[in-house]
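Numbering (our numbering), first residue to last: 37 to 139. Input: a single structure, listed below in structure tokens.
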């Protein structure tokens with residue numbers, strides 16, 4: 037299986053403190069997602085942008101997450117718009133040299 041990196045970005049129009057508080061409620065369900073190794077949460081409050089970088093064990097696990105209930109709920113959230121997702125292959129040898137956590 038080949039690891040996949042998922043980048044998700046979105047715009048938001050609610051106070052960033054409200055978004056952060058709401059997302060604390062879904063952090064554990066995301067952590068429990070099958071095939072997820074880790075997630076880094078992203079926030080640019082000044083630009084009204086947020087997102088995450090995820091490492092999945094496989095493309096299938098990443099696709100299942102994108103098609104699952106967590107992302108569906110995000111898409112239905114008021115104040116969230118322009119959700120974008122991209123999948124990337126991990127260049128393991130290069131990442132090991134630069135100490136990326138993708139063992």
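In this text, a Cβ means the ideal position worked out from N, Cα and C, and glycines have one as well.
Notebook entry, point to check: What beta strand (DSSP E) runs, 3 residues minimum, are completely inside the stretch 53-82?
Noted result: Segments of the beta strand (DSSP E) lying fully in the stretch 53-82: 72-80.
Next item on the list: Measuring alpha carbon to alpha carbon, tell me which of 67, 128, 56 and 62 ends up nearest residue 84.
Entry: For the residues 67, 128, 56 and 62, the minimum Cα distance to residue 84 belongs to 56.
Notebook entry, point to check: At a cut-off of 7 Å, is residue 133 close to the ligand PLP when judged by its beta-carbon and the heavy atoms of the ligand?
Noted result: This structure lacks the ligand PLP, and indeed carries no ligand of any kind.
Check: So, helix, strand or coil for residue 50, using DSSP?
Finding: DSSP places residue 50 in coil when its eight states are reduced to three.
Checklist line | Sub-8 Å separation of residue 138 and residue 88 beta-carbons | finding: At a Cβ-Cβ threshold of 8 Å, residue 138 and residue 88 do not count as neighbours.
Next item on the list: Would you list the one or two residues that DSSP bridges to residue 44?
Entry: Note: residue 44 sits in a beta bridge opposite 88 and 121.
Notebook entry, point to check: Candidates 99, 80, 46 and 82: which alpha carbon is nearest residue 71's?
Noted result: Nearest to residue 71 by C-alpha distance, out of 99, 80, 46 and 82, is 99.
Check: So is residue 69 in contact with chain C if we call contact Cβ pairs under 8 Å?
Finding: Included in the structure is just one protein chain, with no chain C present.
Note to self: Please state whether the Cβ-Cβ distance between residue 106 and residue 46 is less than 8 Å.
What the structure shows: No, Cβ-Cβ distance for residue 106 and residue 46 is not below 8 Å.
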